[in-house]
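These protein sequence lines map, in sequence, to chains A and B. Counted from 1, the first sequence has number 66 at position 66 by my numbering; the numbering is strictly sequential. In my numbering, each residue carries its 1-based index in the second sequence increased by 1000. Taking it in order: structure first as structure tokens, then the write-up.
Number of protein chains: 2
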Amino acid sequence: MIETFETVAKAVADPNRTRILKLLEGGELCVCQITTVINLSPGGISKHLNALKAAGLVQQRRGGKWVYYRLADREINPNATQFLALLRDSLNDDPTVVEDRELLSHVNFIPLGILCAQGRAAIAPVVDEPLSSPCCGVSP
Amino acid sequence: MIETFETVAKAVADPNRTRILKLLEGGELCVCQITTVINLSPGGISKHLNALKAAGLVQQRRGGKWVYYRLADREINPNATQFLALLRDSLNDDPTVVEDRELLSHVNFIPLGILCAQGRAAIAPVVDEPLSSPCCGVSP
DNA sequence: CTATCATTTTACCAATTAGCAAAATGATAG
DNA sequence: CTATCATTTTGCTAATTGGTAAAATGATAG
């Protein structure tokens, strides 16, 4: 029992995993979408997702070619539910979380086929553009 | 910000530290009381307490020869407050936590001077006695 | 001021973990 | 069936962490 609690707390105690959980608060995502936003190797993301699943924090579903993850809705583990509730009220103003959400909003426009193939390159131009660079059509 | 959250979550994600926090829910305790119940080396306990303090989960107070720790009451860190609330509703039926509380109830009868000097030996006879050993005055 | 004693810090070891690259898996499309 | 492609698993390395023993600290009592 204390072991279960520990598993969940450990799963939450990693910044990349909390970032993933905060992303999933917006609804389910496929692995390559998560990978694009968090910017780790696919293997690394998969391992994190596995840790979250083992803790009962997320669930999986295959849809065609892709695997989608979402926050656990079925109550597998009461500890997990409580941690998810805590997390929902936390970090909403965290710069990294805000940035991830912003990036995700761009990612959402990209068809999965293209996104999975190209990864971050599919959105790179948007990413590197800071704010008000004098672009396209400003008078010489 | 996410770093603070991570610090708190990491602090909670260790079973010996959660045991300490659950003990402190009953009120402040001096280091040697905690050491006796958790049964780690003093150095180890001190390090755990330091991690909890760094996370804003506990506070310190010196009283004469001894240092007392308690759950953070001043709101140092909103994350910490939330985790403490979560923890208060968790693990209350956990065997280890229950056992720790039981042991603490015995420890509470022992003057600190004796407890700090003798450590677990001061309560050892109670600890090893299971339940109904045929003791003192049962007919031959 | 010195000795004592609770606590903290330090030095070190064993175990765990996050990360990547590359191989393995397993589903889909032809 | 075979090829492709998303995801997972598998070594492997570097870094972190929990534990102890022992030295250092710092307050108290004589």
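All C-beta atoms in this analysis are idealised placements derived from N, C-alpha and C, irrespective of residue type, glycine included.
Chain-ordered neighbours of residue i on chain A, where CB pairs are closer than 8 Å
i: residue 1059/B; result: Within chain A, no residue comes near residue 1059/B; the closest Cβ sits about 21 Å away, beyond 8 Å.
i: residue 1081/B; result: None at all; the shortest Cβ gap to chain A is about 11 Å.
8 Å Cβ shell around residue i - same chain, five flanking residues per side excluded
i: residue 1074/B; result: 1059
i: residue 128/A; result: Because residue 128/A carries a pLDDT of 45, less than 50, the predicted location of this residue cannot be relied on, and the following value inherits that uncertainty. Hits under 8 Å: none found.
i: residue 17/A; result: 11, 48, 51 and 52
i: residue 100/A; result: 19, 22, 23, 37 and 38
i: residue 81/A; result: 72 and 75
i: residue 26/A; result: 101 and 104
i: residue 1043/B; result: none
i: residue 1063/B; result: 1030
i: residue 54/A; result: 7 and 11
Where residue i meets chain B, residues with beta-carbon distance less than 9 Å
i: residue 18/A; result: 1002, 1005, 1006 and 1009
Per DSSP, cross-strand counterpart(s) of residue i
i: residue 71/A; result: 58/A
i: residue 1063/B; result: 1066/B
i: residue 1029/B; result: 1069/B
Neighbourhood of residue i by C-beta, 6 Å cutoff - its chain only, sequence neighbours within 5 removed
i: residue 1130/B; result: Annotation note: pLDDT 49 at residue 1130/B (below 50); position unreliable, coordinate value reported separately. So the list is empty, once near-sequence residues are dropped.
i: residue 76/A; result: 56
i: residue 1134/B; result: Its pLDDT being 49, under 50, residue 1134/B is placed unreliably in this model, and the value from its coordinates should be taken loosely. So no residue of the chain qualifies.
i: residue 1097/B; result: 1022 and 1091
i: residue 68/A; result: 28, 30 and 61
i: residue 93/A; result: none
9 Å Cβ cut-off: residues of chain A touching residue i
i: residue 1041/B; result: Near residue 1041/B there are no residues of chain A at all, since even the closest Cβ is about 21 Å away, more than 9 Å.
i: residue 1091/B; result: 1, 2, 5 and 79
Contacting residues, own chain, Cβ-Cβ under 7 Å from residue i (five flanking each side not counted)
i: residue 115/A; result: 32, 33, 36, 107 and 122
i: residue 2/A; result: none
i: residue 1120/B; result: 1036 and 1039
i: residue 1079/B; result: 1004, 1005 and 1008
i: residue 45/A; result: 31, 34, 35 and 38
i: residue 1118/B; result: none
i: residue 110/A; result: 122 and 123
i: residue 15/A; result: none
i: residue 1095/B; result: none
Proximity of residue i and residue j at Cβ, strictly below 8 Å
i: residue 1066/B; j: residue 1112/B; result: yes
i: residue 1006/B; j: residue 9/A; result: no
i: residue 1084/B; j: residue 1071/B; result: yes
i: residue 1086/B; j: residue 86/A; result: yes
Contact test: residue i Cβ vs the ligand NAD heavy atom, cutoff 7 Å
i: residue 1078/B; result: As presented, the structure is devoid of all ligands, the ligand NAD included, so that no description of it is given.
Where residue i meets chain B, residues with beta-carbon distance less than 8 Å
i: residue 21/A; result: Within 8 Å Cβ-Cβ: nothing; residue 21/A doesn't reach chain B, min ~11 Å.
Amino acids of chain A, ordered along the chain, whose beta-carbon sits closer than 7 Å to that of residue i
i: residue 1013/B; result: 6, 9, 10 and 13
| query | What residues in the region 1094 to 1105 of chain B bring their beta carbon closer than 9 Å to a beta carbon of chain A? | reply | 1094, 1095, 1096 and 1097
| field | Residues from the region 1062 to 1086 of chain B in contact with chain A, defined by Cβ distance under 9 Å | value | 1078, 1079, 1082, 1083, 1085 and 1086
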